[in-house]
Amino acid sequence: MDSLLLTKGIFPRDFLNKTADYILSVQLEDGSIPWFTDGKLDPWDHTEAAMGLSITGHYPEAEKAYDWLRQQQLEDGSWFANYQDGKPLYSDKRETNFVAYVATGVWHHYLITQDTAFLEKNWSMVNSAIQFVLRQQSPTGEIYWAVMEQGQPEKDALITGCSSVLKSLECAILIAEALNKNVEPWHEAWQQLGQALKYHPENFDRTWESKDRFSMDWFYPILAGVFRGQEARDRLQKFWDKFVRKDMGCVCVSDQPWVTIAESCELTMALLAAGEKKKATQLYSWLHNWRDSDGGYWTGYQYAEDVIWPEEKTAWTAGAILLAADALTEHTAASRLFLESSLNIRPEVELPETEEALAAVNN
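For the sequence shown, the positions run 19 to 381 when the working numbering is used.
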């Protein structure tokens, strides 16, 4: 198949059920979902694949994935960055956006199933994960990207990672509200993080080279609700030609000839969030060139060499395909999760420029 044009109310169930079956073929008996058979996993991608299972009605298997996370959670609320065969692969770091993403997955599953018992069962896990992440928030609002083996944070932040955390924190707040839990400090933490992302790009990439070559830094703030409406459309238009390759998809990095399917799915949702449905539909229609006969999708395509690279079909790519399809067709009650935000970033208060102005404010 060269293309697949989706619209509201028409979810190609038979076509995409095969993609869910691919995720199921990778999932282990303990509930963990590695990248591919005999591969490693990380908590973020494990959750992305589980969300694909929820969309396609595989509720017990999705819940088993969250059971695995609950069982593996460390005492401080975190998870290691990588696991192999259901066990930690390295213990050198714990990445904050990986830890926070469980809240997005749990809320997503609840939106589809309306199973309050599922929320209650996983509240302690979500609460502990978010508490861990917020302990890594800097005084200027951004979330440090990782905590190293000895417990010290790496004091720099990523735009993409913090955008993902912002969405996860919003989902955690919604979970708390559904369960009548008081998490008022989380609201202020969300505001501080949102303001850092919107108004203070200098807070990110301070100790390494800028990540603005990466397409996710371009569109993830839109998925997180940092930029909306015309602001979001202007942002997408500004760098469209830098990152999008016609009839193929979105590149991972602007200076490399490598289209990646998961990023293209996420850009599809960012376009929908910005009201660019025609572009979203067209972009998503290109991605099925990279579908294999078993329903899985190759991670990427290197167009300069005209080769699939790497030669792997990741379960999280399949999850992203299903999330974008749901967003395009509004198939489930979670279809708008990444298209809108229930919270609003406050306008930044500008500091007075003169001593006289400062005195006026204080008086």
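Heads up, the beta-carbon is just placed ideally off N, CA and C, and yes, glycines get one too. These numbers come from a predicted model, not from an experiment.
Q) By how many angstroms is the C-alpha of P275 removed from the C-alpha of T122? A) Per the coordinates, the alpha-carbon of T122 lies some 31 Å from the alpha-carbon of P275.
Q) Taking just the CA atoms, how far does G267 sit from K297? A) So the alpha carbons of these two residues sit roughly 11 Å apart.
Q. Do T332 and T278 have their CB atoms nearer than 8 Å?
A. Not closer than 8 Å, so no.
**Q.** Outcome for Q210 when other beta-carbon atoms lying within 10 angstroms are tallied against a minimum of 16
**A.** Looking at its Cβ environment, which holds 16 or more other Cβ atoms inside 10 Å, Q210 is buried.
Q: Find the nearest neighbour of A338 within the set K26, E138 and T74, judged by alpha-carbon distance.
A: Among K26, E138 and T74, the Cα nearest to that of A338 is on T74.
Q) Grouping DSSP H, G and I as helix and E and B as strand, with all else coil, what is M143? A) If DSSP states are grouped into helix, strand and coil, M143 belongs with the helices.
Q: Mind checking who W316 pairs with in its DSSP beta bridge?
A: Answer by DSSP bridge pairing, in chain order: K331.
Q) Who pairs with I326 in a beta bridge, going by DSSP? A) In the DSSP output, where bridge partners are listed per residue, I326 has Y319.
Q. With distances taken from CA atoms, which of G104, Q168 and C189 is nearest V144?
A. Closest option to V144, Cα to Cα, is C189.
Q. By Cβ distance, which residues of its chain are closer than 7 Å to L197, with the 5 residues on each side in sequence left out?
A. Same-chain partners within the cutoff: L137, E138 and W141.
Q: Please list, in chain order, all residues of the same chain as W62 whose beta carbon is under 7 Å from its beta carbon, the five residues on each side excluded.
A: Here W62 has N115, F116 and Y119 as same chain residues with Cβ atoms under 7 Å from its own Cβ, once five neighbours each way along the sequence are excluded.
Q) Which first and last residues belong to the beta strand (DSSP E) in which R388 is found? A) This structure cannot settle anything about residue 388, because the visible part of the chain is limited to 19 through 381.
Q | C-alpha gap between D199 and H349, whole angstroms | A | Note that residue 199 is Lys in the sequence shown here, rather than Asp. If you take the alpha carbons of K199 and H349, they lie about 30 Å apart.
Q. In whole angstroms, what separates the C-alpha of I41 from that of F33?
A. Each residue's CA atom was taken as its position, placing I41 and F33 some 14 Å apart.
Q: Please determine, among G49, Q132, D174 and H127, the residue with the shortest C-alpha to C-alpha distance to Y101.
A: Looking at the Cα atoms, G49 is the closest of the given residues.
Q.
For the region 341–361 against the region 280–292, do three or more pairs of beta-carbon atoms, one drawn from each stretch, fall closer than 8 Å, so that the two count as touching?
A. Segments in contact, yes.
Q) Since V269 and S181 are thought to touch, with beta carbons under 8 Å apart, how far apart are those beta carbons, to the nearest angstrom? A) The pair is not a contact, with the Cβ atoms about 19 Å apart (cut-off 8 Å).
Q) Where do the N-terminal and C-terminal ends of the beta strand (DSSP E) with M166 fall, by residue? A) M166: member of the beta strand (DSSP E) spanning A164 to M166, first to last residue.
Q) Buried or exposed: where does R224 fall if 16 or more other Cβ atoms within 10 Å of its Cβ makes it buried? A) Exposed, since its Cβ has fewer than 16 Cβ neighbours within 10 Å.
**Q.** Alpha-carbon spacing of V124 relative to L176, whole angstroms
**A.** Between V124 and L176, the C-alpha separation is close to 24 Å.
Q: Report back the beta-carbon spacing between G293 and R251 to the nearest angstrom; my notes put them in contact at under 8 Å.
A: So it is a contact: roughly 7 Å between Cβ atoms.
**Q.** Three-state class that DSSP yields for C268 in the structure shown
**A.** DSSP places C268 in strand when its eight states are reduced to three.
Q. With DSSP run on the structure shown, which of helix, strand or coil describes S233?
A. Assignment of S233 by DSSP, reduced to helix, strand and coil, places it in the helix class.
**Q.** Cutoff 7 Å; reference Q90; Cβ partners in own chain excluding five residues on either side
**A.** The answer, listed in chain order, is W97.
Q.
Following a CB-centred definition, is E188 positioned closer than 7 Å to any heavy atom of the ligand GTP?
A. Judged by which ligands are present, the structure shown has none, so any question about the ligand GTP falls away.
Q. CA-CA distance, P328 and Q320?
A. A straight-line Cα-Cα distance of about 9 Å links P328 and Q320.
Q. I240 and A291: beta carbons closer than 8 Å?
A. In this structure, I240 lies near A291, with their beta-carbon atoms less than 8 Å apart.
Q) DSSP state of V244, grouped into three classes? A) Note: V244 maps to coil in three-state DSSP.
Q. How should G27 be labelled, buried or exposed, when 16 other C-beta atoms within 10 angstroms of its C-beta is the threshold for buried?
A. The residue in question, G27, is exposed, as its Cβ has fewer than 16 Cβ neighbours within 10 Å.
Q) Helix, strand or coil: how does DSSP classify R2 here? A) Past the edges of the chain, shown from 19 to 381, lies residue 2, and the structure says nothing about it.
Q. Taking the alpha helix (DSSP H) that W276 falls in, what are its first and last residues?
A. Looking at the DSSP string, W276 is not in any alpha helix (DSSP H); the run it does join, the beta strand (DSSP E), is W276 to T278.
Q) The alpha helix (DSSP H) with S78 in it runs from where to where? A) Note that residue 78 corresponds to Pro in the displayed sequence, not to Ser. Start and end: Y77 to Q90.
Q | CB-CB length for I193 against W204, believed under 8 Å | A | Not a contact, Cβ separation roughly 10 Å.
Q) Roughly how many angstroms lie between the CA atoms of R153 and W334, to the nearest whole one? A) When rounded, the distance between both Cα atoms is 28 Å.
Q.
For K58, list the residues DSSP reports as bridge partners.
A. Beta-bridge pairing by DSSP links K58 to Q102.
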